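**Q** All residue numbers in the sequence shown are consecutive under my numbering, ending with 47. Using N, Cα and C, we set each Cβ at its ideal position, and we do this for glycine too. This one's a predicted model, so the numbers in the text were calculated from it and none came from an experiment.
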Amino acid sequence: MSVYKCLNCGKEIPLEEAKKRIRCPYCGYRILLKKRAPIERKVKAI
Ligand SMILES: [Zn+2]
2 MSVYKCLNCG KEIPLEEAKK RIRCPYCGYR ILLKKRAPIE RKVKAI
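1. Among all residues, which have a Cβ less than 6 Å from at least one non-hydrogen atom of ligand 1, and in what chain order do they fall?
2. With a 10 Å radius around its C-beta and 16 neighbouring C-beta atoms as the bar for buried, classify residue 1 as buried or exposed.
3. Can you have a look at residue 33 and say buried or exposed, based on whether 16 or more other CB atoms are within 10 angstroms of its CB?
4. Could you give the residue range of the alpha helix (DSSP H) that holds residue 21?
5. Let me know the secondary structure DSSP gives residue 6 once reduced to three states.
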């Protein structure tokens with residue numbers, strides 16, 4: 002699952018909301034950064 006992040010206020014915007022209108026619903030900023038779901042990576046130290 003991916004989300005968008007507003008470059009102005011830094012809030013996360015759900016994909017559904019961003020699809021309707023590429024605009025931050027919180028501050029109205031129009032540049033959103035696509036954010037990938039974090040990939041958990043576990044590294045074992047031997
Ligand atoms: Zn915003």
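**A** Taking the geometry as given:
1. 7, 9, 10, 12, 25, 27, 28, 30
2. Lying before the first or after the last residue shown, residue 1 is absent from the chain, which here runs from 2 to 47.
3. buried
4. 16-21
5. strand
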